[in-house]
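*Asks:* Next up is a structure, given as structure tokens.
2 protein chains.
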Amino acid sequence: MDTGYAGFEQLLQGAIERAAGPDCPPLLARALHHAVFPGGARVRPQLCVAVAAANGGNDPELAAAAGAAIELMHCASLVHDDLPCFDNAGERRGKQSVHRAYGEQIAVLAGDALIVSAFEVLGRAASPQPERLPQVLALIARGCGAPYGIAAGQAWESESSVELSLYHQAKTGALFIDAACAGAAAAGVEVAPWRELGRCIGASYQVADDILDATSDALTMGKPAGRDEALGRPSAVRELGLEGAVCRLRELVEESVAAVPDCRGRERLQGLVREQSKRFFPRGAGRQVAA
Amino acid sequence: MDTGYAGFEQLLQGAIERAAGPDCPPLLARALHHAVFPGGARVRPQLCVAVAAANGGNDPELAAAAGAAIELMHCASLVHDDLPCFDNAGERRGKQSVHRAYGEQIAVLAGDALIVSAFEVLGRAASPQPERLPQVLALIARGCGAPYGIAAGQAWESESSVELSLYHQAKTGALFIDAACAGAAAAGVEVAPWRELGRCIGASYQVADDILDATSDALTMGKPAGRDEALGRPSAVRELGLEGAVCRLRELVEESVAAVPDCRGRERLQGLVREQSKRFFPRGAGRQVAA
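The following block contains the structure:
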């Protein structure tokens, strides 16, 4: 989504330059770079700043900081999810996973430092509306920790009995809901109407990822393919078949477009959501869903 | 230190009740409780609120939130430091370490969720001075992440060549400096003069821990003893001998007392620092240094 005011990529650069500065232990510094650059599609921060812009956001600095924070959290979760005790994945984004490249200790610490860095970016936001910071911070914390965030989502995989709706919402949905709601909060508008957009885009993304996992090889995905099947995870393709999953994805994209609440830039944002969703489909242009 | 306005213990309770609520995966919920309660001596949050009180702090809510945040970070770092890829410690605070009790996956995620929760507590602080929040947040982030925080401190242990001063400052000193400075920031006074107090207390604590590690058995310490020697870590006892280390500790306590900057409650705070330090000495009353 070309939102006209990204900015979050510079904030990501700045955050990693600070964290991985000359006084940083060298392996940790390299691991921090490795985890964040080059990035995936940065879909979460783009959603965040697009929502803020659609609301005529008068605080693009805070929106960009929120987007960068969410992306840093996402990167942290990928580093930890790849650890030997979880997926034990050797590849991510077409290169070695962090623990494969720098060892398990450094991977644990890099994830920790990225979580800290996410909140640091928020705290340093050159925002003209600092009174909005606590709400944005609370939203992002909710999407990342327990009981509703990605840490809790991952933790459901350690349980013998799983609350599937909580699992999906927390594991994949939370950061998308975060992104939409934090964009709204940064723009100073009511947050609740934006949850549904985040939920729908998150669900689309989950189904797209299931399709990709079932249909791709590791080279296309940049990470090991066929993992859902191998690990017995819930997957839309297992549940609905490939064709059914593609249908479900198509519905979810329409639901996402319809879920954009009334706002100044509604039509433009709907166009962006539809455009961005094209990359979710396995046979469209830009078929990869970058993780 | 009885500061007259603790409050951080209730905030810790509230934070864990929220994170480990009914919707939390049950193992993660139990791990979060296990990691934070019953606590150690809570020396860092006590230092934080004592500094705020000594400055006639007009924002005890923010000081208590900062203290709770620092303690949650400390608990997170203990959970991750005990992991098999680091110390592989089976015990902590006289009971099983988190990964021993709940598995490695849950231990990684519990640490992550505690870091998130630390910032959430800050964001939720019912502070009458919200404009102080960004500075308090930035200070705590600095003490926890990279390049100067506890994550970076731990990462020095993965390097073949170690910057000893950076290592010590980041590994043990950072959270004490954090605690002193965040207390000052919460009280709205200049932060820089308080760094030295945090540094001295952190150094005392490190020497006390080295002495304890060298002289105690696991039952007294509540965690495995003799680890510094076994792991070839730098230690004041290895460097100075036991007697030399006790002398050094005595000097550091005096330096800590002298380092209390001019402020309304200087004498009282000096008394608290001296009183608190008694527990650092192996032959005094309250000989245990709770980790």
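Quick mapping for you: the protein sequence lines, in order, are chains E and L. Residues in the first sequence are numbered from -10 upward in steps of one, following my numbering. Residues in the second sequence are numbered from -10 upward in steps of one, following my numbering. Virtual Cβ for every residue (Gly too), placed ideally from N, Cα, C. These numbers were taken from a predicted model, which means no experiment stands behind them.
(1) Sort E:162, E:127, E:121 and E:126 by Cα distance to residue 141 of chain E and report the nearest one.
(2) Going by beta-carbon coordinates alone, are residue 166 of chain L and residue 62 of chain L separated by less than 8 Å?
(3) Among E:172, E:157 and E:206, which one has its Cα closest to the Cα of residue 193 of chain E?
(4) If the cut-off is 7 Å on Cβ atoms, which residues from the stretch 59 to 89 of chain E count as contacting chain L, listed in chain order?
(5) Could you tell me how far apart the beta carbons of residue 98 of chain E and residue 54 of chain E are, in whole angstroms, since I believe they sit closer than 8 Å?
(6) Are the stretch 144 to 160 of chain L and the stretch 17 to 26 of chain L in contact at 8 Å, needing three or more beta carbon pairs?
(7) Rounded to whole angstroms, what is the Cα-Cα separation between residue 240 of chain E and residue 105 of chain E?
(8) Is the stretch 112 to 132 of chain E in contact with the stretch 75 to 85 of chain E, if contact means three or more CB pairs nearer than 8 Å?
(9) The alpha helix (DSSP H) that contains residue 335 of chain E, what's its start and end?
(10) Using CA coordinates, which residue listed in E:11, E:131, E:108 and E:70 is at the minimum distance from residue 124 of chain L?
(11) Please identify, using Cβ separations under 9 Å, the residues of the stretch 89 to 101 of chain L that lie next to chain E, in order along the chain.
(12) 8 Å is my cut-off, CB to CB: does residue 50 of chain E come that close to chain L?
(13) Drop a sphere of 10 angstroms on the beta-carbon of residue 206 of chain L, count the other beta-carbons inside from all chains shown, and report buried for 16 or more, exposed for fewer.
(14) Following the continuous alpha helix (DSSP H) through residue 56 of chain L, name the residue where it begins and the one where it ends.
(15) What residues match up with residue 80 of chain E in a beta bridge as DSSP calls it?
(16) Have a look at residue 131 of chain L and residue 155 of chain L and give me their C-alpha separation to the nearest angstrom.
(17) Which residues in chain L have a C-beta closer than 9 Å to the C-beta of residue 106 of chain E? List them in chain order.
(18) When the cut-off is 8 Å and only beta carbons count, does residue 155 of chain E lie next to chain L?
(19) Return the chain-ordered list of same chain residues with a C-beta closer than 6 Å to the C-beta of residue 176 of chain L, the five sequence neighbours on each side being excluded.
(20) Can you give me the C-alpha to C-alpha distance between residue 197 of chain E and residue 270 of chain E, rounded to a whole angstrom?
(21) Interface residues of chain E around residue 113 of chain L at Cβ under 8 Å?
(22) Just curious, the alpha helix (DSSP H) that residue 163 of chain L is in, first and last residue?
(23) To the nearest angstrom, how far is the alpha carbon of residue 96 of chain L from that of residue 257 of chain E?
(24) Per DSSP, what kind of secondary structure is residue 156 of chain L in: helix, strand or coil?
(25) Counting only Cβ-Cβ distances shorter than 7 Å, please list the residues of the stretch -1 to 21 of chain L near chain E, keeping chain order.
(26) Using only alpha-carbon positions, find the residue among L:72, L:50, L:102 and L:246 that is nearest to residue 89 of chain L.
(27) Buried or exposed: which applies to residue 2 of chain E, given that a residue is buried once 16 or more other Cβ atoms fall within 10 Å of its Cβ?
(28) What's the gap between the Cα of residue 251 of chain L and the Cα of residue 68 of chain E?
(29) Give the list of continuous beta strand (DSSP E) stretches no shorter than 3 residues that lie fully inside the stretch 247 to 274 of chain E.
(30) Give me the chain E residues within the contact set of residue 118 of chain L, using Cβ-Cβ distance strictly less than 9 Å, ordered along the chain.
(31) Please return the same chain residues whose Cβ sits closer than 7 Å to the Cβ of residue 66 of chain E, not counting the five positions on each side in sequence.
(32) Using a Cβ-Cβ cut-off of less than 7 Å, give me the residues of the stretch 169 to 200 of chain L that come near chain E, in sequence order.
(33) How would you call residue 267 of chain L, buried or exposed, if buried means at least 16 neighbouring beta carbons within 10 angstroms?
(34) From the beta carbon of residue 205 of chain E, is the nearest beta carbon of chain L less than 8 Å away?
(35) DSSP on residue 143 of chain L, reduced to helix/strand/coil?
(36) Can you have a look at residue 49 of chain L and say buried or exposed, based on whether 16 or more other CB atoms are within 10 angstroms of its CB?
*Replies:* The answer reads as follows:
(1) E:162
(2) no
(3) E:157
(4) 69, 72, 74 and 75
(5) Their Cβ separation, rounded to whole angstroms, is 24 Å, which puts residue 98 of chain E and residue 54 of chain E out of contact at 8 Å.
(6) no
(7) 37 Å
(8) no
(9) This structure cannot speak to residue 335 of chain E, because chain E is shown only from -10 to 280.
(10) E:108
(11) 91, 92, 93, 94, 95, 96, 97, 98, 99, 100 and 101
(12) no
(13) exposed
(14) 49 to 70
(15) E:85
(16) 13 Å
(17) 130, 134 and 135
(18) yes
(19) 41, 44 and 46
(20) 7 Å
(21) 123 and 127
(22) 163 to 175
(23) 44 Å
(24) helix
(25) 8, 9, 10, 12, 13, 14, 15, 16, 17 and 21
(26) L:72
(27) exposed
(28) 45 Å
(29) none
(30) Ordered by position in chain E, no residue passes the 9 Å Cβ test against residue 118 of chain L, which lies about 12 Å from the chain.
(31) 139
(32) none
(33) exposed
(34) no
(35) helix
(36) buried
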